[in-house]
Amino acid sequence: MIRVEGLSKVFHSRDGGSVVALHDVSLEVARNEFVSLVGPSGCGKSTMLRLVAGLVGATRGVLEIDGTAVTEPRRDIGIVFQSPTLLPWADITDNVLFPLRLMREKAGDARARAHALLELVGLKGFESRYPRELSGGMQQRAAICRALIHDPGILLMDEPFGALDALTREVMSMELLRIWTENPKTIVFVTHSITEAVLLSDRVIVMSPRPGRIAEVVEVPIERPRTLDMEGSREFQECTRRIRRRIFGADETDLSGPAAA
Ligand SMILES: Nc1ncnc2c1ncn2[C@@H]1O[C@H](COP(=O)(O)OP(=O)(O)O)[C@@H](O)[C@H]1O
Ligand SMILES: [Mg+2]
7 MIRVEGLSKV
17 FHSRDGGSVV
27 ALHDVSLEVA
37 RNEFVSLVGP
47 SGCGKSTMLR
57 LVAGLVGATR
67 GVLEIDGTAV
77 TEPRRDIGIV
87 FQSPTLLPWA
97 DITDNVLFPL
107 RLMREKAGDA
117 RARAHALLEL
127 VGLKGFESRY
137 PRELSGGMQQ
147 RAAICRALIH
157 DPGILLMDEP
167 FGALDALTRE
177 VMSMELLRIW
187 TENPKTIVFV
197 THSITEAVLL
207 SDRVIVMSPR
217 PGRIAEVVEV
227 PIERPRTLDM
237 EGSREFQECT
247 RRIRRRIFGA
257 DETDLSGPAA
267 A
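Printed below as a string of structure tokens:
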């Protein structure tokens with residue numbers, strides 16, 4: 007569904023300097039596949055998502071969705087960022103409906119759909135609340151509904167659980183898998199957490215920085231539905247170890263620490 011070949015992105019600064027954010031990246035993502043991008047800060051994960059979303063243009067290479075070159079933002083993509091960025095003056099339902107308003111789409115039964123999505127993520131009863139009345143995890147659930155309201159075929163998620171505490175993060179991971187199972191989509195998920203990437207994905211794309219490249223693609227041969235206690239399994243440990251080795255050259259655990267710098 008997504009085809010990337012020889013993709014490079016160079017950013018130029020005003021003082022004449024340039025940064026190679028991505029260099030010669032090739033990747034294919036199948037319809038309804040769940041793929042994660044992991045790697046240290048600055049290896050081009052967000053740039054990759056912004057390219058796929060059509061928010062920035064590539065410097066070189068091929069980027070196609072369903073055989074069509076991506077040249078501008080596409081409607082069939084939903085995006086979730088690390089911070090939920092809800093509109094403070096609109097209630098949760100109106101926040102979820104906001105993309106339809108931007109796209110000037112007829113509301114139709116959109117309110118019913120918004121409420122069904124909110125129910126799917128466990129926010130039934132909060133439809134008329136305001137963002138400030140919700141916890142961080144609940145706000146991020148609403149942001150996921152907002153990304154799904156126009157029923158996109160592709161969901162791009164850039165460290166969507168990065169600002170949540172560890173427990174909420176685990177709950178949200180399992181919730182995301184449940185939503186994806188009930189409502190299949192192609193998902194490209196960026197995370198700093200190797201464990202999260204393995205738990206969620208069919209394949210983990212390990213990236214390395216300066217310039218951003220794909221260092222390795224790790225298939226996750228673990229059956230679905232996944233559960234948190236699978237993290238203790240031998241296959242799971244093998245996947246995380248392989249990814250860690252590729253990133254650190256050793257068995258470190260945390261990408262967000264100084265080792266990632
Ligand atoms: N708009 C931009 N202008 C200039 N440089 C950028 C811009 N966006 C990203 N970069 C640079 O590109 C590299 C990759 O950034 P990014 O994709 O955000 O990495 P990641 O999400 O993996 O942390 C970094 O060196 C970053 O500083
Ligand atoms: Mg990023």
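So for the sequence shown, my numbering puts the first residue at 7; every next one is plus one.
The beta carbon of each residue, even a glycine, is placed where N, CA and C say it ideally should be.
| Query | Result |
| --- | --- |
| With A59 and I85 assumed to form a contact (beta carbons below 8 Å), what rounded beta-carbon distance in angstroms separates them? | 6 Å |
| Do M163 and I193 have their CB atoms nearer than 8 Å? | yes |
| Just curious, the beta strand (DSSP E) that L33 is in, first and last residue? | S24 to V35 |
| Is the beta carbon of G143 within less than 7 Å of some heavy atom of ligand 3? | Here the bound small molecules are ligand 1 and ligand 2; ligand 3 is not part of this structure. |
| Less than 6 Å between C-beta atoms, sequence neighbours within five positions excluded: which residues of the same chain meet that for R37? | M7 and T192 |
| With C-beta atoms as the reference, is R66 less than 8 Å away from S14? | yes |
| Residues bridged to R107 by DSSP? | Bridge partners of R107: none, in fact. |
| Are there 16 or more other CB atoms within 10 angstroms of the CB of V127, so buried, or fewer, so exposed? | buried |
| Under 6 Å Cβ to Cβ from L93, same chain only, skipping five residues before and after it: list those, please. | N101 |
| Can you list, in chain order, the stretches of the alpha helix (DSSP H) that have 4 or more residues and sit fully within the segment 118-184? | 142-154 |
| Kindly indicate which three-state DSSP category G50 falls into: helix, strand or coil? | coil |
| Considering only the beta carbon of each residue, do L123 and F132 sit closer than 8 Å? | no |
| Check A59 in the structure and name its three-state DSSP category. | coil |
| Is DSSP giving M236 helix, strand or coil here? | helix |
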